[in-house]
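Protein chains in written order, with the numbering used here: chain G, 1 to 153; chain F, 1001 to 1162; chain B, 2001 to 2782.
We treat Cβ as the ideally placed atom computed from N, Cα and C, and that holds for glycine.
Please read the structure below before turning to the comments.
Take a look at the structure:
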């Protein structure tokens, strides 16, 4: 499945970059994430509870960050599996400054298998879009909160 | 262990009291706890209609319900229709028009169609289609089932007299 | 003898049991102490298995056992091939790679079993699947049959040089030579995709080893109980008499219930032998989409060479056939495709290069039609294109090429699925076509109605195709007919039954021969304890091979009845008749003796059985045809395509079927209805969608669309009868006939309805989406 899109953040590119690279923020970003540990500078492992139509289950997996050019771009690779299936994907995130904030462009391919693919197929597109939207909203909120924190200090 | 629950359910006029796991499907309860194996299971996701029973008079997929949801309710299964020696007019019509082949989906069709005919035997083309399109049959191509429903409507409208 | 019952529209003996929910299906078998199995299956289509750890599953309360391939020890071995490749074809390459009971080293398709869990109930067994830890290393996947033979393609079987499972070339005449001088040569690429059989009952097995009786009983949703019994006995070192396989009522089969051996059949038997407890496994619908065999995937590169007046000079059909991850069923499907590409036509030169390829997908074995719909699609589509390009009417080009009725038996030279030369026993094609054209009023529709409707902006189209169906192949079937002392007749045969009405059609034959009521003939099918010689229900052979065995046995019993009654009534046999359950003197109906009395007298409690005679009114007989009987017919349809939604509505559907002697029109018509309905599914609604990773994307009835009552039209049937000279009843099979011509017919009718220059349909199945693409793609170019 192909994923691509863009989102404008109300904040500087550096702030957005810090957000994206913070595992604690990432954990709140992706709905259903129950655990996210940073193993090294570029490697995370975590667990996520997913529900797609009739299929639900927990998945454990890893995220690798590669080709990092702070605060501009990076490649994300992810793979994981669980009883409801497996996923494997990679994509790039690109941040650029513009007048009203920071533009994030993302694109990638994700391969899905098992029950997720065979029964949840019709709902995967919609669900992934919903999850991305929720994630972006989460990032927006995190960004606002960090601004508030900075203001408080 | 999952806590068992007590239920009381009326099936084909008989009252059953059973202690069951809350996750037991109604279809499994009917088939394997009550040994009424005329209700069949074809897909376990509510599409094929083979497991259709009457739940408080309404055609219902028994594979999509838990048995505990039937507590205090009334169920009718295919075993409540006629017997081998004395078929219900709907069953007779199925035999006369060759509306079944392997017979696996048949009880589901009977239980989907029965309440419609019990309500009215004056069926339009559209009624007929609606009565049938929720059930899958792979053997008959449906044509003889359509004929059976029409024949059953005739039999049932002349009712007690014949 | 006057036919009183054979050929009559008699309602079925088995219906009261089925209609009241009293028929036994495998999942209805309940045994004391029975355990329940569930299988852990690979989600990956291609992966190295590095380890399976079932220890956590074993700790779950209610779990009794869990086994992996390692646990099977020396009992683990790939299945024996079900059908060996034909020895009669020269230079055939065939690489036998058969399915395994549990994966040991490498997963080759999604859904292959990795472990079995046996628990107190199914719920616990399924819970325990979650406890199993599996270490799989995913590999690159091959799903596309056209890419499977590329040198850099991943290998399904690492010990082979490529994914080639088989290669053979069949030739008749000299196609290459005739092509040179042909007025017209048409080349096309045709793609046919996979579908499922879709029996509403999934597979299921109950296996029970009784240690005290040293007896194994297996209830199995198989089409082939006797070979299953023989195979299990040999696999596990038991005497065949220690193994009883029962195929009770089976909820539809359509081909895939004859795969041998499914891993589950081996595993359930192995487990009950090890544990001494009855075990049940019932496949769920999702498993059915992965673990039950499928069919149809082929890609053809076709050439048709013709004269300018539309006579076929030769056909070349080079094609790839997808066998999936293993090839236990040999070449049955693609050999059928080759034979049926010749159709009812006089094709003097034929060349077909067949390559069977392995892919990381569920295996393919025959599904109702078994390669025939693809062959029919190829020749019928090519004839449609030829007709258009040569400016000849579609029906006329067919008429010009039919084999004339005086050529039969006609030898097509190439080898068929029975490994014999493909000989057509009988045929009379033109009248079937004429009848269909008359019924659908082809002239009036094409000349008057269609032009008028087109002017009004409506897109209606008509299709007419012919087909043949090889049926009733050997080797043989048998039957035992016994008159019981009650006067009722018991008949046991080895074939299983999955809705074909054997309890009735066989009973009609026996009842006619013995003069009893059809309802008094009790048929036993599919129980090896009752009859244990035979092969099974497949290839549209029940009404040919088994029915003729029943007929033969009934005739022998009739002879015994007449002899004994003749002695007792002191009347010559020729002056006796069997009627109403008695034997009576034709001229003096007051002198009679009932069949029940005769049965008792033939089995006396006192006195001796004389040398050279047997007790009882019983006989066993077998029938094995020399080669298969070939049925045929013409289907015609009128469709309307909605140009907005591209939905296709079937306005009329005509079947003219010639399956020789019709034993029971009610049953034959039912078979045709069901076949056509499956064909309609195959044409427009049903397609298995695999992604590049071998993941099936529509593994449920919510996403894979089996037609409902709303999609299937009324089917108008006319019979023509050209009896087969190969069997005494003159019957031919009809089980698959309905499904065979539909995709070709559907394509022709829809193409005709769309009426766009240059729009050719060369694929099956279609869908509204695909039609939209074809339609708008072509319009843009125009």
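Three-state secondary structure (DSSP) at residue i?
i	result
residue 1112 of chain F	helix
residue 2301 of chain B	strand
residue 2281 of chain B	strand
residue 111 of chain G	strand
residue 2132 of chain B	coil
residue 2672 of chain B	helix
residue 2738 of chain B	helix
residue 2094 of chain B	strand
residue 2292 of chain B	coil
residue 2780 of chain B	Bear in mind that a pLDDT of 46 at residue 2780 of chain B, under 50, signals an unreliable position, so the number given afterwards is only what the model happens to contain. Three-state result, residue 2780 of chain B: helix.
residue 1160 of chain F	For residue 1160 of chain F, the predicted structure reports a pLDDT of 48, less than 50, and the residue's modelled location is therefore unreliable. The matter cannot be settled from this model.
residue 1117 of chain F	helix
residue 1060 of chain F	strand
residue 2407 of chain B	helix
residue 2487 of chain B	coil
residue 2165 of chain B	strand
residue 2505 of chain B	helix
residue 2068 of chain B	strand
Determine whether the beta carbon atoms of residue i and residue j lie at a separation below 9 Å.
i	j	result
residue 2712 of chain B	residue 2677 of chain B	yes
residue 1040 of chain F	residue 2700 of chain B	no
residue 1110 of chain F	residue 1140 of chain F	no
residue 1133 of chain F	residue 2199 of chain B	no
residue 2478 of chain B	residue 2622 of chain B	yes
Given this structure, state the Cα-to-Cα distance separating residue i from residue j, to the nearest angstrom.
i	j	result
residue 2765 of chain B	residue 2034 of chain B	43 Å
residue 4 of chain G	residue 2359 of chain B	31 Å
residue 2254 of chain B	residue 2540 of chain B	10 Å
residue 2059 of chain B	residue 1102 of chain F	41 Å
residue 2598 of chain B	residue 2576 of chain B	14 Å
residue 147 of chain G	residue 81 of chain G	36 Å
residue 2502 of chain B	residue 2542 of chain B	8 Å
residue 1951 of chain B	residue 119 of chain G	With chain B running from 2001 to 2782 in the structure shown, residue 1951 of chain B is simply not present.
residue 2729 of chain B	residue 2551 of chain B	8 Å
residue 2587 of chain B	residue 2553 of chain B	28 Å
residue 2655 of chain B	residue 2740 of chain B	12 Å
residue 2158 of chain B	residue 2149 of chain B	14 Å
residue 2089 of chain B	residue 2377 of chain B	25 Å
residue 2329 of chain B	residue 2365 of chain B	6 Å
residue 2324 of chain B	residue 48 of chain G	34 Å
residue 2667 of chain B	residue 2161 of chain B	49 Å
residue 2259 of chain B	residue 2736 of chain B	17 Å
residue 2780 of chain B	residue 2353 of chain B	With a pLDDT of 46 at residue 2780 of chain B, under the threshold of 50, the predicted position of this residue should be treated as unreliable, though the coordinate-derived value follows. Distance between the alpha carbons of residue 2780 of chain B and residue 2353 of chain B is about 36 Å.
Below 8 Å on the Cβ atoms is my contact criterion, and I expect residue i with residue j to pass it. Report the Cβ-Cβ distance as a whole number of Å.
i	j	result
residue 2524 of chain B	residue 2548 of chain B	Actually they are not in contact, since the Cβ atoms of residue 2524 of chain B and residue 2548 of chain B sit about 18 Å apart, beyond 8 Å.
residue 2310 of chain B	residue 2403 of chain B	16 Å between Cβ atoms; not a contact.
residue 115 of chain G	residue 85 of chain G	5 Å
residue 2110 of chain B	residue 2042 of chain B	6 Å
residue 2137 of chain B	residue 2050 of chain B	6 Å
residue 2104 of chain B	residue 2471 of chain B	That belief does not hold up - the Cβ atoms of residue 2104 of chain B and residue 2471 of chain B are roughly 40 Å apart, past 8 Å.
residue 2425 of chain B	residue 2630 of chain B	6 Å
residue 2194 of chain B	residue 2297 of chain B	4 Å
Is residue i buried or exposed, if buried means 16 or more other CB atoms sit within 10 Å of its CB?
i	result
residue 1969 of chain B	Here chain B comprises residues numbered 2001 to 2782, so residue 1969 of chain B is not present and cannot be evaluated.
residue 1035 of chain F	exposed
residue 1999 of chain B	The first residue shown for chain B is 2001 and the last is 2782, placing residue 1999 of chain B beyond what the model contains.
residue 1057 of chain F	exposed
residue 2457 of chain B	exposed
residue 2 of chain G	exposed
residue 2411 of chain B	exposed
residue 2108 of chain B	buried
residue 2450 of chain B	buried
Scan the stretch 2701-2725 of chain B for residues whose Cβ lies nearer than 7 Å to a Cβ of chain C and list them as they occur along the chain. In the structure shown, chain C does not exist; the protein chains are G, F and B.
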